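Same order as they appear, the protein sequences are chains Z and C. Counting in our numbering, the first sequence runs from 1 upward without gaps. Counting in our numbering, the second sequence runs from 358 upward without gaps. Virtual Cβ for every residue (Gly too), placed ideally from N, Cα, C. These numbers come from a predicted model, not from an experiment.
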Amino acid sequence: MMKKYLPFLPLIAFVVCVHLLTSWTGTLYYLTQMTMSAYYALLIIGLCVVMGYAGQISLGHAGFFAIGGYLSAALTTRNLLPFEDTAVLRMLDALGVLMKGQDIYGEVIVVITPWAACITAVCVAALLAFFIGVPALKLKGHYLAMATLGFGIIIYRVVLASEYFGEADGISEVPPFVLAGSLAVSGDFSERISNYYIAWVLVIAGVVLLRNLIDSRVGRALRAIHGAEDAAGSMGVDTARYKLHVFVLSAVFAAIAGVFMTHYNGSIGPSEAGVMKSVRYVAIVAVGGMAHLWGALIMAIILNFLSLRGVFGSYDDAVFGLILIVIMLFAPNGLLRINLRSKLQAFFSRAKRAEEV
Amino acid sequence: MALLRLEKLHKRFGGLKAVNDVSFAVNEGQIKAVIGPNGAGKTTLFNLIAGSLPASSGSITFKKWQLRRKKSYQIAALGIARTFQNIKMFNGMTALENVMVGRHVRSGAGFLSSMFHTPWARREEKEIRDRSMELLDLLDIAECADVEATSLAFGQQRAVELARALALEPDLILLDEPAAGLNIYETAEMGRLITRIRDLGITVLLVEHDMSLVMDISDEIVVLSFGEKISEGLPSEIQNDPEVIKIYLGE
Numbered sequence: 001m002m003k004k005y006l007p008f009l010p011l012i013a014f015v016v017c018v019h020l021l022t023s024w025t026g027t028l029y030y031l032t033q034m035t036m037s038a039y040y041a042l043l044i045i046g047l048c049v050v051m052g053y054a055g056q057i058s059l060g061h062a063g064f065f066a067i068g069g070y071l072s073a074a075l076t077t078r079n080l081l082p083f084e085d086t087a088v089l090r091m092l093d094a095l096g097v098l099m100k101g102q103d104i105y106g107e108v109i110v111v112i113t114p115w116a117a118c119i120t121a122v123c124v125a126a127l128l129a130f131f132i133g134v135p136a137l138k139l140k141g142h143y144l145a146m147a148t149l150g151f152g153i154i155i156y157r158v159v160l161a162s163e164y165f166g167e168a169d170g171i172s173e174v175p176p177f178v179l180a181g182s183l184a185v186s187g188d189f190s191e192r193i194s195n196y197y198i199a200w201v202l203v204i205a206g207v208v209l210l211r212n213l214i215d216s217r218v219g220r221a222l223r224a225i226h227g228a229e230d231a232a233g234s235m236g237v238d239t240a241r242y243k244l245h246v247f248v249l250s251a252v253f254a255a256i257a258g259v260f261m262t263h264y265n266g267s268i269g270p271s272e273a274g275v276m277k278s279v280r281y282v283a284i285v286a287v288g289g290m291a292h293l294w295g296a297l298i299m300a301i302i303l304n305f306l307s308l309r310g311v312f313g314s315y316d317d318a319v320f321g322l323i324l325i326v327i328m329l330f331a332p333n334g335l336l337r338i339n340l341r342s343k344l345q346a347f348f349s350r351a352k353r354a355e356e357v
Numbered sequence: 358m359a360l361l362r363l364e365k366l367h368k369r370f371g372g373l374k375a376v377n378d379v380s381f382a383v384n385e386g387q388i389k390a391v392i393g394p395n396g397a398g399k400t401t402l403f404n405l406i407a408g409s410l411p412a413s414s415g416s417i418t419f420k421k422w423q424l425r426r427k428k429s430y431q432i433a434a435l436g437i438a439r440t441f442q443n444i445k446m447f448n449g450m451t452a453l454e455n456v457m458v459g460r461h462v463r464s465g466a467g468f469l470s471s472m473f474h475t476p477w478a479r480r481e482e483k484e485i486r487d488r489s490m491e492l493l494d495l496l497d498i499a500e501c502a503d504v505e506a507t508s509l510a511f512g513q514q515r516a517v518e519l520a521r522a523l524a525l526e527p528d529l530i531l532l533d534e535p536a537a538g539l540n541i542y543e544t545a546e547m548g549r550l551i552t553r554i555r556d557l558g559i560t561v562l563l564v565e566h567d568m569s570l571v572m573d574i575s576d577e578i579v580v581l582s583f584g585e586k587i588s589e590g591l592p593s594e595i596q597n598d599p600e601v602i603k604i605y606l607g608e
């Protein structure tokens, strides 16, 4: 029991150390990128289970992230006052999911509460994942990659073309997401530290849940599908159903990440829905080592942090494309699984032999 | 009483009749063998019964169920387990984990109870682990429990595969060439094992090339040639059947 949670101690220590170190050196601004990286990491660990344990590739996870972000942004900012007298709005009011807000001109508007918007967004993402997954996952092979690629492009074009989703500008002025009491997801500088911890609590909870899943009957079934699909079937594993469920689960992780990130940034734009973002997520899972939840998490934090700090400059997307190619060629089991010692030994023995000659 | 009954079963791959009008029954508690030269359609027949391939026509009845339109996972849930000719271990999983997958249809933890690790799921997990360990013990490979299954010796992999199939608690077990690749000692051991499985109350249907094994342990034998059943009977009858001798030895 204790042993299972042991790997989380270094992670928690790391999270706290980063906070203390940045506050000590007066570089608290790093926490902003750490928080955003954590939200991306939440999406990536979900994708890792789909890719590494169920053996499927999704090229549409930016789409699910965008559905989460865009729906919660639109529902919490778009004024419903013109529909005041309709039955639907009265019903929503009775349910207690409406709240008053202000638009950028200070006018009073009526919007959906962040909690209700969050739940709606996550449900929509799950439903869409279900409808894409049902036909695509009945077939063996990489049909899911094709279907999700198409889905990702559709989502990108829809948010870019639709006035409701703000076209090329996206949606800004997204209100804070009050979780409980004074704890709120927002980009307010005074709440930077609490938001840093909110993001990490979410990520750690996500890893705990997924680790439990992998070490269970369901996880074994998923790994069996990956190991030998027909044998899994004849052991009674409904392969299509399991692949579908894990895909929907990962879409839920992506949507939750999108919702929180949007409230944290106070805005969302079409670049979050781009296909290159999906490719980036796939690349990060590959670097982490596919069936390696911790690897995916570590790489998600490092690479997203560097990218968000602008280390890759305008070559950002190119860098992730390159990473994907290099990993596939030289370390298909991920960067953390390379046996460094044997590689080095091989390198030096070769060098030595060259010397002798 | 017939546990499994095949009636006028056909499987065509394009113009090739891989299984052609095959009918026979497997009675409860017996060991029945399907023999025949290479390409006789034995493995295809197994794939039809296990639901890995759809039959072109005919019927497959198991207890009171019609299997023909069922998927392989549904057939497994009804109580039919199988092994494969070219052992199919689950890559990246230990021997024990492989056997634990066999408990799948006898357990029920879903996504939510697994993720939240409920006390109920934990109890079930322990039951799965204990039961699987018992089976590894039964097959004398308990010491390999934590070794990755694909790195085990061939004979041990066979045993793991058998344990995995038994973990399902089947009423009928389909063994596709259980002695393939085994030496004569291991083959004799496999024969004893199969008899022991039958004595546990599990009906056995096997495809096998090793004639000494088949003649030793089978209660009844079906002979296939070019997809058709050419003979069926007791081992002693089959040994003396001129048709069978003709296909094995030529005229």
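In summary, the residues of the stretch 400-417 of chain C whose CB is separated from some CB of chain Z by less than 8 Å are 407, 408, 409, in the order they occur in the chain. Non-local beta-carbon contacts of residue 277 of chain Z in its own chain, meaning distances under 6 Å to residues more than five positions away in sequence, involve 62 in chain order. The C-beta of residue 224 of chain Z comes closer than 9 Å to at least one C-beta of chain C.
Counting only unbroken stretches of 3 or more residues, the beta strand (DSSP E) elements lying wholly within the stretch 38-102 of chain Z are 98-102, in sequence order.
Around residue 266 of chain Z, the same chain offers 174, 187 as residues with beta carbons nearer than 6 Å, after the five sequence neighbours per side are excluded. Only those residues of the stretch 202-236 of chain Z whose C-beta falls short of 8 Å from the nearest C-beta of chain C are listed: 209, 210, 212, 213, 216, 217, 218, 219, 220, 221, 223, 224, 226, 227, 228, 230, 231, 232, 233, 234, 235, 236. Of all C-beta pairs linking the stretch 210-219 of chain Z to the stretch 463-482 of chain C, three or more are shorter than 8 Å, placing the two stretches in contact. Interface annotation for the stretch 79-103 of chain Z against chain C: empty, criterion Cβ-Cβ distance under 9 Å. Contact between residue 281 of chain Z and residue 35 of chain Z does not hold, since their C-beta atoms are separated by about 18 Å, which reaches or exceeds 8 Å. The beta carbon of residue 419 of chain C does not come within 9 Å of any beta carbon belonging to chain Z, so the residue lies off that interface.
Chain Z places no beta carbon closer than 9 Å to that of residue 395 of chain C, leaving this residue out of the contacts. Under a 10 Å Cβ-count criterion, residue 519 of chain C is classified as buried, with 16 or more other Cβ atoms of the shown protein chains found around its own Cβ.
DSSP places residue 336 of chain Z in no alpha helix (DSSP H); its state is neither H nor E. Across the structure, residue 136 of chain Z and residue 446 of chain C are spaced so that their CA atoms are roughly 26 Å apart.
Considering only beta carbons, the part of the stretch 247-263 of chain Z lying closer than 8 Å to chain C consists of 249, in chain order. The beta carbon of residue 142 of chain Z lies closer than 7 Å to those of 57 in the same chain, with the five residues before and after it left out. Using a 10 angstroms sphere on the CB of residue 332 of chain Z, the tally of other CB atoms stays under 16, which defines it as exposed. The beta carbon of residue 292 of chain Z does not come within 9 Å of any beta carbon belonging to chain C, so the residue lies off that interface. Residue 299 of chain Z sits buried, since 16 or more C-beta atoms from the chains shown fall within 10 Å of its C-beta. C-alpha of residue 259 of chain Z to C-alpha of residue 413 of chain C: approximately 51 Å in a straight line.
Here residue 223 of chain Z carries a helix assignment [DSSP, helix/strand/coil]. Taking 9 Å as the threshold, the shortest C-beta distance from residue 388 of chain C to chain Z does not fall below it.
What residue 433 of chain C touches in chain Z, judged by beta-carbon distance under 7 Å, is 234, 235, 236, going in chain order. Contacts with chain Z (Cβ-Cβ distance below 9 Å) from the stretch 455-470 of chain C involve 455, 457, 458, 459, 460, 461, 462, 463, 464, 465, 466, 467, 468, 470, listed in chain order. Counting C-beta atoms within 10 angstroms of its own C-beta, residue 107 of chain Z has fewer than 16 neighbours from the protein chains shown and is therefore classed as exposed.
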